[in-house]
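Under the working numbering, the first residue of the sequence shown carries the number 2, and numbering increases by one thereafter.
From the three backbone atoms N, C-alpha and C, an ideal C-beta is built for every residue, glycine too.
Contents: one structure, followed by commentary.
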Amino acid sequence: MNLTYAYPRSRFEPTVLVDLNAKAERERLSKAALKGFFKLAAAWKLRDDDARELLGGISSSAYYEWKKNPERTLEVDCITRISYLLGIYKALHILYGDKLADEWMGLANTNIIFGGRTPLTYIAAGGLPAMQTVRQLLDARRGGL
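In structure tokens form, the structure reads like this:
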């Protein structure tokens, strides 16, 4: 007797993961990622030093060159950072009005994660893991948790 189990049919279609290790994918995404980041930095009124730190601690000269000419291929780390930040930006704009959404990163926060610091300070100190934590927190709030 052969018992074969199958999942019920559904409309769920998994998204194809982007292979950021493939240079062609990074080339395709980099310009849009940088443009999005610089718009986000303007909306959040980030100081250039803070923006550079969020990108992984790049030099001032690299930062201004990227700002002037976003036609470049970013490394996996940088694209991942920008992806988290854009996700945070989007979640904030879903949860709050535009004014609060754009100010939220610079406001002291009493959530246990931040310990009274601003989310920006928390992310700058914690890097990618902190970005992931903030993104998860906001996504959970969007889901009603």
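| query | result |
| --- | --- |
| First and last residue of the uninterrupted alpha helix (DSSP H) at D50 | 49-55 |
| Cβ-Cβ distance between G107 and L121 below 7 Å | yes |
| Cα-Cα separation between Y6 and R12, rounded to whole angstroms | 19 Å |
| Extent of the continuous alpha helix (DSSP H) to which I124 belongs | 120-143 |
| Distance, A109 Cα to T1 Cα | Because the chain here runs from 2 to 146, residue 1 falls outside it and cannot be looked at. |
| Contacts around E28, its chain only, beta-carbon distance under 7 Å, and the 5 residues preceding and following it disregarded | T74 |
| Simplified DSSP assignment, three categories, for E26 | helix |
| Own chain partners of W105 with C-beta closer than 8 Å, once the 5 adjacent residues on each side are dropped | L93, Y97, P120 |
| Range covered by the alpha helix (DSSP H) that runs through A92 | 77-96 |
| Pick from K100, L129, P15, V135 that is closest to F115, judged by C-alpha positions | V135 |
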